[in-house]
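What follows is a short report on a single structure.
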Amino acid sequence: MCIQQIPSLYNYSNIRALETNLHVFADNQGRTGQSSLWGSEKTDDRGKIIEKILDDDRLVILNNGDPTRFNPANGLFSSIDLTFSNPSLAQQLDWQVLPHLFSSDHIPILIKIYDPIKKTINRENDSVNLWNLKNPNWPLFSSLIEEDTNMLDFNNDNATQMVTLITDIIISAAKKSIGECTLNLQKHRVPWWNKDISELINKKKKALKKFQTTKDPSDFITLKKLRAQTRFLVNKHKRLSWKSFVSEINTHSDPKKTWNKIHSLKGISRDKNIYLVENNNLITDAQAVADKLANSFFDNSSDENYDLEFLRKNKEEKNSPDTTHICQNNNSDQTLINSAITTSEFEIALQKCNSKSPGPDGRPFSFIHNLPKNAKTYLLQIFNLIWSSGIIPSNWKHSCIIPIPKEGKDKFSTSGYRPISLLNTMSKLMEKIINLRLVWFIEKINYLSPDQNGFRHHRGTHLSLMKIQSEIENTFQNNQTLGMVCLDITKAYDTAWRPHIITYLKEILSMGNMFNFIKNFLSDRTFHVKVNQRLSSNYYKQNGVPQGSTLSVTLFLISINNITKSITNPVKCTLYADDFNILCRSSELCTVQSNLQRTLYNLHEWSLTTGFKFSASKSQCIVFTRKRKQNKLKLNMNNNLIPNNNTAKVLGITFDSKNNWIPHIKNLKKACSSRINILKMLAHTSWGASFSTLSIIHKSLILSKLEYNAFLIINANKNALKMLDTINNAGARLATGAFRSSPIDSLLNIANIMPLDIKRQEIAMILATKLARDRMISSLNSYPSLLAIVEKNNINLKNILTSQLPVIPPWTSFPNIIDTSLAELPKNSTSSQVYIQNFKSTISQYSNYTEIYTDASKSENNVGIAIIHKDEIITYKLPTECSIYSAEAIAILKAFEYVLGKQNQNFIILKNPLSHFSHLSKGNAVKIMWIPGHSSIEGNEKADIQAKHTASTTSLDITPLTTSQDTIRTIKHISIQAWQNTWAKQKTKLNEIKPTILHWPNNHHDRKKETIINRLRIGHTRITHGYLMSRDEPPSCTTCGVALTIKHILTECF
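Residues 1 to 1054, numbered by full-length UniProt numbering, are exactly what the sequence shown covers, in order.
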């Protein structure tokens, strides 16, 4: 064992302080211990001991899984050199293994300690101008644009010129109302710093100089006031910044970005310059690096990626495309998708554009959000001009690429970076509008393969994973052998052959705006790369779909759609975007191999005609069986052998040949252990973040990982599942500040975190409910273990209303069928008489319409709805799980069904409440009018009475209708009740004072008080249970001579 202290990268004054905070353990004899947490292939007994040591809140392991030692005897690498640090220091450290062995079999470890005081060195550009969006004057911004837009010619038919004009107006207004700020790249930026703090600090400095000169007591008092004000202001904005940061954390948050934000809040800056190594020469010039990366990204989509035979056959198609159009169908759907873009469509798409990233021109979406009405109208006119002409401005087809390091790849090589494209925000808005139309159309005609689950509404990774797991379970039940090949498509998005996409679209789209727009969208795409504020030359993107556009994803699904036609029974497949797997099961391995090899040959032929290319070396095959001494598959793709593995990772889930889930659980534990370190940094029991903050981080970064498709591992070995419980319990303990000996059930109760075994059951039942809603019962029936959980908990899936694609496109203008004029009256201050008078005045406008009243009623165990049409009364009794919201919606549904049965009549449906109107389907000869409840309107009062009577009547049969939301609410109640039953059986100290699992409110104490209160409630503190850690004798009360407990101290000892 050796201990090394690594000095700060810039400051050598604190070397001695590192001795107790940073330890590097280098093992020459392999005795350190092995664990998957730090990159070992297996976990031995010593590794388990170290894992338990790492449960200590004061220790963080810095190893990232890279090997640290090379064994010259067998040529194998191992991770036996471990580095530990305390949480406070760990946030300033950067740990990496150098790519050199030197004279030792131990690979050098470089640990950089970033000094938050010193400035970053070697910056090529000192500053960059950004929009000052912290304090924008949006009213001024909008008024300036409105004034300038009124001067524009709305009859201009040159889209490029119009784009330039409106862009110049927006930029000019932004400079006047928002302004630019200069970001000094050499200074450590912290997100909580602002102009007020700078001004106050300058005043404090002047006060200090004045006092140093005058020595006047009054100047000294002024100095102390300014110092106190500065501290208060800094702490205030730190808290506000922290709250803002925490509010942005969700289940999709990237742990790496969360780390970076924490470093930023701490004032720790990392050197983000990109350097490359070529021919053993370090390239540091930003311009040269940008050009190298741009050339690499160009190569990814160049013609060099295709086989020569494919290019020979298809090059002519690319250069001289066939102008004949296959689809001649000009039905109503074709007319709808080619119709002019509407204002409502524009606004709906804009609401979904919340990205803060600006385009190549520096304009963020917030500029478009705050445009005045006339400017939005002008922009909509530009969209429709482009839509009708099919010609997109060239600057809308240019992207700025930001290179992002790939996880675990060489950061000094161009292959170690992935391109992230920044597109023009106006262009992205229009593409989102067009994509909504295209998706609706291809879903309506059922164009996409039913096996394709990627980026489709009500589909997801769970369907592909369910199919694989179902095949594995059936294999084991029938004592068969299942072979699976996970195929890797090389540079799939970059090599999608554009002429083929156009050909596929010709088969389904008539010659119109949609087809012409997409054709132009795919042509003449250009990009440049931005590195360290330097821009590369412009490059053409020769092939593939443009990265960063929502429309590109749909076009890629179209381009790869016919891959499933190469699959024939008994082989099955799963497809999620470009994640493609083939499966076959049989009693004999030779049959499996024969079928899979035939399919691989078909897929190879498919690749020769489509331009996609499979990588045999990156693909993998696996055999699932319970038979002993089973041989491996010997499969090849284009004469290249596909590697065999005992595990296969598909969509983030690791499948193993015995289906015991242990490799997956270990991978989960490893991934979550690094995320636990974030909590360790922030969970100091005295000055750490609050419980609510830490709880959000735990649920977003750790629980979301543990719950991802957790239904798959419900039947895994219980001892294996305990590994995940350990992670969850550690996160709960860190969030609450509970003492280490706290009982697990008490810990989860006080943290308001459901036990994982109950949560997995809940996830499974919710998934089954969604499958029933989406009319995918066949997928559910093929998964018996999921059905068993549903039946065990008496969940009725047959009554759930199913979802379906809207018949009328969602972008078409909403018919004027809803009258909400009565809602303009303030309900709290409007009398029934006023409502009745206004109602009579309004309803007189619909003299040729027949009135229908609907209402719903819900008591504790009964739900009823009523529909009143003249003297006809229609009632339905609904299941008790229906909410009042669902009952009101079902009442409207039944009213529409009633109307459909009548011929040549106009109806007006009068209902309450108002909340359903935004979710209603569209009708023809039907109007809907909102009326206030309990306002003495005769028809409404009659419907209310009948609904209440129906709900309380026991003689009526229940109409088996409910919504998926109601079923999910029932499932969550079942889970809570199961947790409550488990908690009621516990005999813990917390159980004595808190018999329920309901969360106790947080009184917003500081972290230290929160920790004290939680420990007192749980009944485990250092005073009463510290002996368990030190292995001493249990303490006794010095006064009473009885065992020392919190209950005794607070309530018994006087």
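Yeah, the Cβ is synthetic: ideal placement off N, Cα and C, and Gly gets one too.
Where the beta strand (DSSP E) containing residue i begins and where it ends
{"i": "Ile201", "result": "Per DSSP, Ile201 belongs to no beta strand (DSSP E); it is in the alpha helix (DSSP H), 195-214."}
{"i": "Ala616", "result": "614-624"}
{"i": "Phe383", "result": "That residue, Phe383, is in no beta strand (DSSP E); its alpha helix (DSSP H) goes 373-389."}
{"i": "Ile868", "result": "863-869"}
{"i": "Val790", "result": "Counting along the chain, Val790 falls outside any beta strand (DSSP E), though it belongs to the alpha helix (DSSP H) covering 784-792."}
{"i": "Val529", "result": "526-531"}
{"i": "Val545", "result": "Careful: Val545 lies outside any beta strand (DSSP E) and carries neither H nor E."}
{"i": "Cys1037", "result": "From DSSP, Cys1037 is part of no beta strand (DSSP E); its letter is neither H nor E."}
{"i": "Lys911", "result": "907-911"}
{"i": "Gln96", "result": "93-97"}
Residue i, buried or exposed, once every other Cβ within 10 Å from all chains shown has been counted against 16
{"i": "Val807", "result": "exposed"}
{"i": "Thr1039", "result": "exposed"}
{"i": "Gln946", "result": "buried"}
{"i": "Met1029", "result": "exposed"}
{"i": "Gln452", "result": "buried"}
{"i": "residue 1084", "result": "Because the chain here runs from 1 to 1054, residue 1084 falls outside it and cannot be looked at."}
{"i": "Cys621", "result": "buried"}
{"i": "Ala866", "result": "buried"}
{"i": "Glu938", "result": "exposed"}
{"i": "Lys541", "result": "buried"}
{"i": "Trp1000", "result": "exposed"}
{"i": "Gln837", "result": "exposed"}
{"i": "Met151", "result": "exposed"}
{"i": "Gly548", "result": "buried"}
{"i": "Asn122", "result": "Its pLDDT being 45, under 50, Asn122 is placed unreliably in this model, and the value from its coordinates should be taken loosely. Asn122 should be labelled exposed."}
DSSP-derived helix/strand/coil call for residue i
{"i": "Leu920", "result": "For Leu920, the predicted structure reports a pLDDT of 42, less than 50, and the residue's modelled location is therefore unreliable. The matter cannot be settled from this model."}
{"i": "Val592", "result": "helix"}
{"i": "Val234", "result": "helix"}
{"i": "Phe476", "result": "helix"}
{"i": "Tyr539", "result": "strand"}
{"i": "Gly483", "result": "strand"}
{"i": "Thr461", "result": "helix"}
{"i": "Ile997", "result": "coil"}
{"i": "Tyr417", "result": "strand"}
{"i": "Phe298", "result": "helix"}
{"i": "Val899", "result": "helix"}
{"i": "Asp45", "result": "helix"}
{"i": "Val163", "result": "helix"}
{"i": "His398", "result": "strand"}
{"i": "Asp757", "result": "helix"}
{"i": "Ser831", "result": "coil"}
{"i": "Lys1047", "result": "helix"}
Pair within 8 angstroms by beta-carbon distance, residue i and residue j
{"i": "Leu900", "j": "Ala887", "result": "no"}
{"i": "Phe612", "j": "Ile472", "result": "no"}
{"i": "Ile341", "j": "Phe383", "result": "yes"}
{"i": "Leu651", "j": "Leu724", "result": "no"}
{"i": "Val529", "j": "Phe154", "result": "no"}
{"i": "Trp131", "j": "Glu180", "result": "yes"}
{"i": "Lys1008", "j": "Ala951", "result": "no"}
{"i": "Asn424", "j": "Trp396", "result": "yes"}
Terminal residues of the alpha helix (DSSP H) in which residue i lies
{"i": "Asn729", "result": "718-736"}
{"i": "Ile392", "result": "Where Ile392 is concerned, there is no enclosing alpha helix (DSSP H), given that its DSSP letter is neither H nor E."}
{"i": "residue 1058", "result": "Absent from the structure is residue 1058, since the part of the chain shown begins at 1 and ends at 1054."}
{"i": "Gln980", "result": "964-984"}
{"i": "Cys672", "result": "662-682"}
{"i": "Lys948", "result": "938-952"}
{"i": "Met514", "result": "513-521"}
{"i": "Glu507", "result": "498-508"}
{"i": "Ala349", "result": "343-351"}
{"i": "Ala751", "result": "744-751"}
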